[in-house]
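Heads up, the thing below is written out as structure tokens.
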Amino acid sequence: MPIKFKSSMFHQKILDPNNNFQPALIPLEVRRDTLTGHAAVIQEFRFRSKMPKPDYSFLIEKTRPICPFCSPGVDENSPRFPPEFIKEGKLEKYGVLVIPNFNPYATYSAISILSRNHFTEITQFSENIIVNGLLASQEYLRRVRSFDPKARYLSVNWNYLPPAGGSVIHPHFQPVAAYIRNTYMKETLSASKRYMLRNGVTYWSDLVKTEKEKGERFIGETGGVSWLVNYAGRGREPDILGIFEKKGSILELTAADFKDYFNGLSRIFRYMTDNNYMSFNLCIYSAPAGQDHYRTHARLRLRFQFPILGTADACFIEALHDDFLCQTFPEAACGEIKKYFI
0 MPIKFKSSMF HQKILDPNNN FQPALIPLEV RRDTLTGHAA VIQEFRFRSK
50 MPKPDYSFLI EKTRPICPFC SPGVDENSPR FPPEFIKEGK LEKYGVLVIP
100 NFNPYATYSA ISILSRNHFT EITQFSENII VNGLLASQEY LRRVRSFDPK
150 ARYLSVNWNY LPPAGGSVIH PHFQPVAAYI RNTYMKETLS ASKRYMLRNG
200 VTYWSDLVKT EKEKGERFIG ETGGVSWLVN YAGRGREPDI LGIFEKKGSI
250 LELTAADFKD YFNGLSRIFR YMTDNNYMSF NLCIYSAPAG QDHYRTHARL
300 RLRFQFPILG TADACFIEAL HDDFLCQTFP EAACGEIKKY FI
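Numbering (numbering that gives the first Met the number 0), first residue to last: 0 to 341.
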């Protein structure tokens, strides 16, 4: 079978204070990403309990008067696109306002402001809010491609709340079009091309097929989107993949595709709410033109802070070793999330 699930098991020996200092073995597993080979250390958190629900009420009210995306300030103080790119200076589509990003991540970096509300809880995001936000972001990327075809590497990104690096509470997407591949795109595009040349099929189709057959990490389907928990996750909690198996570029996606995606995303949001997770990073990655071996796919990484200190959910392993630490086994997380797709 072309998809290979590589792992190595290790144990640390200790004298356990909870059992009269008798010898004990603490297991950990090192897995390799099935496409890139990137390492993930799987270590079940030994002191796990349900996370307390974060309270952002004070932060929400404190930031409301100074929010750059709340009206009328957004019209008065926001940057505008140059007229040779977008004549009106801003893009208003589907009730969503798209403006330039004051802190760009690439030559073309924008903000899609999803609603007039300063704060929206994840279970309050309606289909219209998310789908219209994606359609407006897509329209921005389409205009970039028409204006400057060299900006080939497209994505739509979302940092939701401070634990995910969100510096503005007001919900917004960040569509990006770049000349240069980010590291993730560089690794996955190259590996995906090699896989296609070796096997004659896309990695993404094989992954969905294989995970369906194994049944350990495959969550379910919502229309044209297949959902699964990544075998070698990119975070402490579940790293969730949504794969548009038949679509290469994000510019090919229709409103129906985005509705299919929201259908699954809303179920993930219910799972998160029931387990007191509120924050996440989300990215939808697109295949560049002519890269038929690649498929549009989304990753959602849950984010949180450890109480009482508010410790970040990343440490030296991610920051300086360039590996990932997962403290929930993907198979266990899949079993919990799958209940929301029935």
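Glycine included, C-beta positions come from ideal geometry on N, C-alpha and C.
query	result
Three-state secondary structure assigned by DSSP to S154	strand
contact_flag[the stretch 80-96, the stretch 227-246] where n(CB pairs < 8 Å) is 3 or more	no
Of the residues F118, S285, T327, the one placed nearest F57, counting alpha carbons only	F118
Alpha-carbon spacing of I129 relative to F268, whole angstroms	12 Å
Helix, strand or coil at D321 according to DSSP, with G and I counted as helix	coil
Any 3 or more C-beta pairs closer than 8 Å across the stretch 166-179 and the stretch 207-215	no
Exposure of E236, with buried meaning 16 or more beta-carbon neighbours within 10 Å	buried
Supposed contact pair Y260 and G241 - C-beta distance, whole angstroms, cut 8 Å	6 Å
Beta-bridge pairing of Q11 - partner residues as DSSP gives them	I25
Beta carbon of I283 nearer than 7 Å to that of V155	yes
Helix, strand or coil at K92 [DSSP, three-state]	strand
DSSP beta-bridge partners of W203	Beta-bridge pairing links W203 to no other residue.
Residue(s) in a DSSP beta bridge with F305	T310
Residues near Y104 by beta carbon distance below 7 Å, same chain, minus five either side	V175
Rounded Cβ spacing between E43 and Q326 (contact assumed at less than 8 Å)	7 Å
Own chain, CB closer than 8 Å to L173, minus 5 neighbours either side, in chain order	As written in the sequence, residue 173 is Gln, which differs from the Leu given in the question. Closer than 8 Å at Cβ, skipping near neighbours: N100, Y104, S108, A109, I110, S111, V155, N156, W157, N158.
Cβ contact (3+ pairs, closer than 8 Å) linking the stretch 287-302 and the stretch 189-200	yes
Whole alpha helix (DSSP H) elements within the stretch 123-147, 4-residue minimum	126-146
Selected residue, minimal CA-CA separation from T201, among K185, A286, D322, N274	A286
Span separating the alpha-carbon of F20 from that of L14	5 Å
Cβ shell of A356 (< 8 Å), same chain only, five flanking positions each side left out	Residue numbering for the chain in the displayed model covers 0 to 341; residue 356 lies beyond these limits and cannot be assessed.
Three-state secondary structure assigned by DSSP to S265	helix
Alpha-carbon spacing of D321 relative to P71, whole angstroms	43 Å
Contact check, Y339 vs R266, beta carbons under 7 Å	yes
Residues sharing a beta bridge with P99, DSSP	A109
Per DSSP, cross-strand counterpart(s) of H171	I112
Cα-Cα separation between E335 and E220, rounded to whole angstroms	16 Å
Start and end residues, beta strand (DSSP E) containing C69	Here C69 belongs to no beta strand (DSSP E), and DSSP marks it neither H nor E.
Bridge partners - A177, DSSP secondary structure assignment	Y152
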